[in-house]
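**Student:** Let me begin by handing over the structure; questions about it come next.
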Amino acid sequence: MAFELPTLNYDYAALEPHIDARTMEIHHTKHHQAYVNNLNNALAGGEWDNKPIEDILANISKLPVAVRNNGGGHYNHSLFWKLMGLNGGGTPAGDLSDALNRNFGSFEKFKELFANAGMTRFGSGWAWLVKAGQELKISSTPNQDNPLMDIADVKGIPILGVDVWEHAYYLKYQNRRNEYLAAFWNVVNWTEVGKRLK
Ligand code: MN
45 MAFELPTLNY DYAALEPHID ARTMEIHHTK HHQAYVNNLN NALAGGEWDN KPIEDILANI
105 SKLPVAVRNN GGGHYNHSLF WKLMGLNGGG TPAGDLSDAL NRNFGSFEKF KELFANAGMT
165 RFGSGWAWLV KAGQELKISS TPNQDNPLMD IADVKGIPIL GVDVWEHAYY LKYQNRRNEY
225 LAAFWNVVNW TEVGKRLK
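With the sequence shown counted from 1, adding 44 to any position gets you our numbering.
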């Protein structure tokens with residue numbers, strides 16, 4: 045069973061005007077598809093073929109760099125699509141709201157710290173909200189690394205992530221990563237983030 049490109053549960057235009065349809069289409073059908081294809085090629089016939097992606101990522105230090113880059117790419121994008129959606133935005137509720145307040149002081153402070161993690165990631169990578177034991181932490185990773193990898197500085201379960209590669213925003217925002225990160229809050233599916241916290 046090779047890995048496959050997941051279907052989005054919304055249209056490419058669903059996140060307009062915050063994330064444009066053309067960016068979504070290229071990001072999903074070209075970038076993500078390439079990670080899937082390259083991951084399958086890198087694993088084919090080897091010891092880790094047909095293993096769950098989480099197990100592969102937890103052992104990534106023992107695997108070739110092509111698996112690190114493309115396995116991370118496949119996992120990160122599969123997650124990213126689910127963390128956004130039609131009628132996104134607003135504010136988190138319930139346990140998630142409580143956890144953000146407890147760990148970061150307030151929702152506003154959390155947003156500031158998370159956006160800062162994205163802004164200060166030099167070059168390509170991701171910013172994350174990570175469940176690490178009973179704590180929530182904010183981190184960023186280079187390239188397609190993520191908190192599930194055994195090489196990550198901050199290890200845990202990613203419950204929110206934002207792609208800060210230029211391919212995620214350049215068509216609409218060009219060099220203005222700050223505007224893209226500000227717009228991201230309008231499309232976050234907090235229900236999904238809350239499920240991942242549980
Ligand atoms: Mn991407």
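Glycine is no exception: its CB is placed at the ideal position from the N, C-alpha and C atoms.
Considering only heavy atoms of the ligand MN, does any lie closer than 7 Å to the CB of A212?
**Tutor:** For the ligand MN, at least one heavy atom lies less than 7 Å from the Cβ of A212.
**Student:** So who's on the other strand from V232, going by DSSP bridges?
**Tutor:** According to DSSP, V232 bridges with M128.
**Student:** Can you tell me whether I100 is buried or exposed? The criterion is at least 16 other CB atoms within 10 Å of its CB, across all chains shown.
**Tutor:** With 16 or more other Cβ atoms within 10 Å, it is buried.
**Student:** Of all the options Y56, D194, F124, T135, which has the alpha carbon lying nearest to the alpha carbon of S150?
**Tutor:** Taking only the C-alpha atoms, the option nearest S150 is T135.
**Student:** Comparing the CB of W209 with every heavy atom of the ligand MN, is any distance shorter than 7 Å?
**Tutor:** Within the cutoff, so yes.
**Student:** Check whether the stretch 58-71 touches the stretch 125-133, counting contact only when three or more Cβ pairs, one atom from each stretch, lie closer than 8 Å.
**Tutor:** Contact holds: three or more Cβ-Cβ distances are below 8 Å.
**Student:** Give the secondary structure of A171 by DSSP, where H, G and I count as helix, E and B as strand, and everything else as coil.
**Tutor:** In this structure, A171 counts as strand in the three-state DSSP scheme.
**Student:** Using the three-state DSSP reduction, which class does A159 fall into: helix, strand or coil?
**Tutor:** Three-state result, A159: helix.
**Student:** CB of H72 to nearest heavy atom of the ligand MN: below 7 Å?
**Tutor:** No, the ligand MN has no heavy atom inside 7 Å of this Cβ.
**Student:** Please identify the residue among E210, W229, N230, V231 whose C-alpha is closest to the C-alpha of R221.
**Tutor:** It is E210 whose Cα lies nearest to the Cα of R221.
**Student:** Given a threshold of 16 other Cβ atoms within 10 Å of its Cβ, counted over all protein chains shown, does P202 qualify as buried or as exposed?
**Tutor:** P202 is buried by the Cβ-count criterion.
**Student:** Name the one or two DSSP bridge partners that S183 has.
**Tutor:** BP columns for S183 point to W172.
**Student:** At the level of alpha carbons, what is the spacing between D139 and R146?
**Tutor:** Between D139 and R146, the C-alpha separation is close to 10 Å.
**Student:** Looking only at its own chain, which residues have a Cβ that is under 7 Å from the Cβ of F158, when we skip the five neighbours before and after it?
**Tutor:** Cβ neighbours of F158 beyond the five flanking positions: A171, L173, I182.
**Student:** Quick one, are the C-beta atoms of H118 and F47 less than 8 Å apart?
**Tutor:** Result yes, Cβ atoms of H118 and F47 sit closer than 8 Å.
**Student:** Once you ignore the five residues that flank N113 on each side, which residues in its own chain have a CB closer than 7 Å to its CB?
**Tutor:** These residues qualify, in order along the chain: N187, Q188.
**Student:** Starting from D55, trace the beta strand (DSSP E) both ways and give me its first and last residue.
**Tutor:** Element bounds for D55: n/a, residue is neither H nor E.
**Student:** Find out if the Cβ-Cβ distance for the pair H180, A143 is shorter than 8 Å.
**Tutor:** Checking the sequence shown, residue 180 turns out to be Leu, not His. Contact flag set, yes.
**Student:** At a cut-off of 7 Å, would you count H75 as near the ligand MN, judging by its Cβ distance to the nearest heavy atom?
**Tutor:** For the ligand MN, at least one heavy atom lies less than 7 Å from the Cβ of H75.
**Student:** Tell me the DSSP secondary structure of V237 in three-state form.
**Tutor:** Residue state, collapsed to three classes: helix.
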